[in-house]
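Residue numbers (our numbering): 38 to 151. Ideal Cβ placement from N, Cα and C applies to all residues, glycine included.
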Ligand code: SF4
Ligand code: SF4
């Protein structure tokens, strides 16, 4: 057990420190570089090889050919935001954004075209 005198020093010291907690969501938080949030797809770079689909450990991404271009669908509820699909893509057609506020009321809304 800590001695009362020592505790008092800590209590007084913390009065002048910035709080450890953040005022999120009232104030936006600063995310670190390399943060892995919602995926972004660059359709114009995609060649439809589906390496991203094959390497996804969560079976969360699908690539479909629509006319002459490709479309990517991601299940935000299955994705574990590991970034493997981004690493697997040789065409830099996928990137991870800092978007993390992805909650939805209905689960069906978590299946999105990116
Ligand atoms: S790995 Fe890249 S190029 Fe290949 S299908 Fe996926 S997004 Fe398209
Ligand atoms: S970030 Fe990971 S889990 Fe999400 S779609 Fe890409 S490979 Fe799959």
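- Put simply, the backbone Cα of residue 47 is about 14 Å away from that of residue 55.
- Remark: fewer than three beta-carbon pairs, one from each stretch, lie closer than 8 Å, so the region 88-104 and the region 56-63 are not flagged as touching.
- No heavy atom of ligand 1 is found nearer than 6 Å to the CB of residue 95.
- If you ignore the 5 residues before and after residue 136, its C-beta comes within less than 6 Å of the C-beta of 74, 75, all in its own chain and listed in chain order.
- Residue 120 has its CB nearer than 6 Å to a heavy atom of ligand 2.
- Sixteen is the threshold: when 16 or more other Cβ atoms of the shown chains lie within 10 Å of the Cβ of residue 100, as they do, the residue is buried.
- Taking C-beta separations shorter than 7 Å and ignoring five residues to either side along the sequence, the partners of residue 111 in its chain run 76, 97, 98, 149, 151, following chain order.
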